[in-house]
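Trainee: FYI, the numbering for the sequence shown is 558 to 954, going by the numbering used here.
All C-beta atoms, glycine included, are put in the ideal place defined by N, C-alpha and C.
As the structure is a computational prediction, the values presented were derived from the model and not from experiment.
Take this structure first; my questions come after.
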Amino acid sequence: MVENIIIDVVGSFADGKTTLVRALTNESTLRHSEEKKRGITIRLGYAHFVLYKCKKCGYLSRKQQCETCGSASELFRKVSIIDSPGHKTLMTIMLSGAALVSGAILVIAANQKCPQPQTEEHLNALRIIGIKNLVVAQTKVDIVSPQRAKENYQEIKKFLSDSGFDNVPIIPVFSTANVNIVELIQEIGKFPLENSVAKKAPVMLAVRSFDANRPGTAIKELVGGILGGALKEGELSSGDEIEIYPGIQVKNGWQPLKSKVIDMHSEFGKESKVSKGLTVGLQTALDPALTRRDNLAGSLIVSVKNRPQLKPRISFEYSPLEKQEKNLFKRSIQKNEVVLLNILAGKALATVTAVSGNKVVAALSNSVLPYYVGDNAIISRKLDNVWTLAGSGKIYD
Ligand code: ZN
């Protein structure tokens, strides 16, 4: 069975992330422009590739012929890469995709001492969003001495171990010369994927929404609003009835939108059925004016009988970021403190109304966040006036 997986490549431009992604993928710009023309495909990420598994020796290649023994290989995994830019605002992007991502490549450059503050921040973020499938790409080994590359390797190893990621493989790569990229690919192929339970009702996170019609399109040629994102669980098929939460704001609150899946496209082409691990653009029967300019980004797309909670207060069991050596926050979460909550694809400010042990109740200020009991809330707190990742919380009410 072919598996789909979304991975996050975390690191900065300076660490050589862009070059690495280019080495991993063989992106066809031609295809990209065709997709643009269609206007349906949503590019949540910016790159993708396909993995084939050798029928004889099991080696993974990006070609249909095994790069080790030359035998025929079969389609094994479709990999989509989500971009997480390496600066402060990365968090919003990274967090809104958190529930969709099954693994990550952490990029660490050999020409700097490890860990840099930013690398620490990246690893903390990966821990908070619960990423267990991780591989480190040690980049820039080509511009340092072999001695320095080895030292840096040991620094990375210690850093990972100190951070509770003991068994994470470290692959030194030289992206522009394509050295060890296949080794990195073997590790991505090893990421164990939970078999998404097909019987579960679909929950899709919309991270983008738009109107694909050009101005002046004839009415009978108009296509419905597009929702872009990926499924967290379950499956969606063309023709499925869907509901979109929280929907649109009406006088006394929010009204979910009802619609239907007309057509679906992933980065790999037209799809008739999608499940977790694939970024997908859904063409719906919605009035395209509703989806314009990311109006419905942050929404949940669900099946009719699987309504999420929409409550003004959210209760969760808070776990602060562990192993915080610097102990960033001087005080634990306080009553009346304003926190930033990221839940599924949405985010909102909330005021803490009660704290008892690790149980926290927070009241949403001016918005709604659809969720299911058991979902994870990611909590940021103000630190020197900057929203800083502080921990996560399992929602119990
Ligand atoms: Zn082989």
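With distances taken from CA atoms, which of Gly791, Lys747, Val698, Trp811 is nearest Val736?
Mentor: Taking only the C-alpha atoms, the option nearest Val736 is Val698.
Trainee: Give the DSSP bridge partners of Leu663, in chain order.
Mentor: DSSP lists Val567, Val693 as partners of Leu663.
Trainee: What does the shell around the ligand ZN hold, if a residue joins when its beta-carbon is under 6 Å from any heavy atom?
Mentor: Going by the Cβ distance cut-off, the answer is Cys611, Lys613, Cys614, Tyr616, Cys623, Thr625, Cys626, Ser628.
Trainee: Residues in the same chain with beta-carbon distance under 7 Å from Ala920, minus the five sequence neighbours each way, listed in chain order, please.
Mentor: Taken in chain order, the residues that qualify are Pro869, Arg870, Ala907, Thr908, Thr910.
Trainee: Go through its chain and collect everything with a Cβ distance to Glu591's Cβ below 6 Å, but skip five positions before and after it.
Mentor: Residue confidence is low: Glu591 scores 48 on pLDDT, short of 50, so the model does not pin down where it sits. Its coordinate-derived value is still stated next. Result list for Glu591: empty, nothing under 6 Å.
Trainee: Report all residues from its chain with a CB closer than 8 Å to the CB of Ala763; omit the five preceding and five following residues, and keep chain order.
Mentor: Leu784, Gly785, Gly786, Ile801, Leu853, Ala854, Gly855, Ser856, Leu857, Ile858, Ala902.
Trainee: Beta-carbon of Gln743 versus every beta-carbon of chain B: anything under 8 Å?
Mentor: The chain labelled as chain B is not found in the depicted structure, where only one protein chain is given.
Trainee: What span of residues does the beta strand (DSSP E) with Arg619 cover, start to end?
Mentor: Counting along the chain, Arg619 falls outside any beta strand (DSSP E), and DSSP gives it neither H nor E.
Trainee: So Lys635 packs on Phe825, CB below 8 Å; how close in whole Å?
Mentor: Yes, they are in contact, since the Cβ atoms of Lys635 and Phe825 sit about 6 Å apart, within 8 Å.
Trainee: Classify Val807: buried if its beta carbon has 16 or more other beta carbons within 10 angstroms, exposed otherwise.
Mentor: The residue is exposed, with fewer than 16 neighbouring Cβ atoms inside 10 Å.
Trainee: Going by DSSP, name the residue or residues bridged to Val896.
Mentor: Val896 is bridged to Ala907.
Trainee: Which residues does DSSP list as the beta-bridge partners of Asp820?
Mentor: According to DSSP, which records beta bridges pairwise, Asp820 is partnered with Gln840.
Trainee: Given His644, which residues of its chain have a CB within under 6 Å of its CB, disregarding the five upstream and five downstream residues?
Mentor: Summary for His644: the model assigns pLDDT 46, below 50, so the residue's position carries little reliability; its value from the coordinates is reported in the next sentence. Same-chain partners within the cutoff: there are none.
Trainee: Which stretch, first to last residue, makes up the alpha helix (DSSP H) that contains Lys916?
Mentor: Taken as a continuous stretch (DSSP letters only), Lys916 belongs to no alpha helix (DSSP H), being part of the beta strand (DSSP E) at 916-921.
Trainee: Assign Val567 to one of two classes, buried (16 or more other C-beta atoms within 10 Å of its C-beta) or exposed (fewer than that).
Mentor: When all chains shown are included, Val567 counts as buried.
Trainee: List the residues that DSSP assigns as beta-bridge partners of Ser889.
Mentor: DSSP, once it has assigned bridges, lists no residue as partnering Ser889.
Trainee: I'd like to check one pair, Ser832 with Ser795: are the Cβ atoms closer than 8 Å?
Mentor: Taking 8 Å as the Cβ cut-off, Ser795 and Ser832 do not qualify as a contacting pair.
Trainee: Does the Cβ-Cβ distance between Leu898 and Ile936 come in under 8 Å?
Mentor: It is a contact, given that the beta carbons lie within the stated cut-off.
Trainee: Short of 6 Å in beta carbon distance, which residues of its chain neighbour Ile805, apart from the five on each side in sequence? Order them along the chain.
Mentor: The residues are Gln812.
Trainee: According to the Cβ coordinates, are Ile562 and Ser702 closer than 8 Å?
Mentor: Contact: no.
Trainee: Taking Met761 as the reference, which of Gly931, Ser860, Phe606, Ile728 has the closest Cα?
Mentor: The shortest Cα separation from Met761 among Gly931, Ser860, Phe606, Ile728 belongs to Ser860.
Trainee: Please state whether DSSP places Glu624 in a helix, a strand or coil.
Mentor: Note: Glu624 maps to coil in three-state DSSP.
Trainee: Between the C-alpha atoms of Gln840 and Pro927, what's the straight-line distance to the nearest angstrom?
Mentor: If I take the Cα positions, the gap works out to 22 Å.
Trainee: Just the C-alpha distance for Phe606 and Arg888, rounded to the nearest angstrom, thanks.
Mentor: Computed Cα separation, rounded: 45 Å.
Trainee: Using DSSP's beta-bridge definition, name the partner residues of Val739.
Mentor: Beta-bridge pairing links Val739 to no other residue.
Trainee: When you compare the CB positions of Ala661 and Thr696, do they come within less than 8 Å of one another, or not?
Mentor: No, these two residues do not count as a Cβ contact at 8 Å.
Trainee: Indicate the three-state DSSP secondary structure (helix, strand or coil) for Gln704 in the structure shown.
Mentor: In the structure shown, Gln704 sits in a helix (DSSP, three-state: H, G or I).
Trainee: CB-CB under 6 Å to Gln866, same chain, minus the five flanking residues each way: which ones, in chain order?
Mentor: Closer than 6 Å at Cβ, skipping near neighbours: Tyr928.
Trainee: What is the residue span of the beta strand (DSSP E) that Pro772 lies within?
Mentor: Looking at the DSSP string, Pro772 is not in any beta strand (DSSP E), and its letter there is neither H nor E.
Trainee: State the start and end residues of the unbroken alpha helix (DSSP H) segment that holds Glu678.
Mentor: Looking at the DSSP string, the run of the alpha helix (DSSP H) that includes Glu678 is 674-685.
Trainee: What first and last residue would you give for the alpha helix (DSSP H) that runs through Val578?
Mentor: Unbroken alpha helix (DSSP H) run through Val578: 574-581.
Trainee: Could you tell me which of Ile638, Ile700, Ile639, Gly615 sits nearest to Ser628, measuring between CA atoms?
Mentor: Looking at the Cα atoms, Gly615 is the closest of the given residues.
Trainee: Return the chain-ordered list of same chain residues with a C-beta closer than 7 Å to the C-beta of Glu874, the five sequence neighbours on each side being excluded.
Mentor: Hits under 7 Å: Asn915, Lys916, Gly950, Lys951, Tyr953.
Trainee: Can you tell me the Cβ-Cβ gap for Leu847 and Leu814, rounded? I've got them flagged as a contact below 8 Å.
Mentor: Their Cβ separation, rounded to whole angstroms, is 7 Å, which keeps Leu847 and Leu814 in contact under 8 Å.
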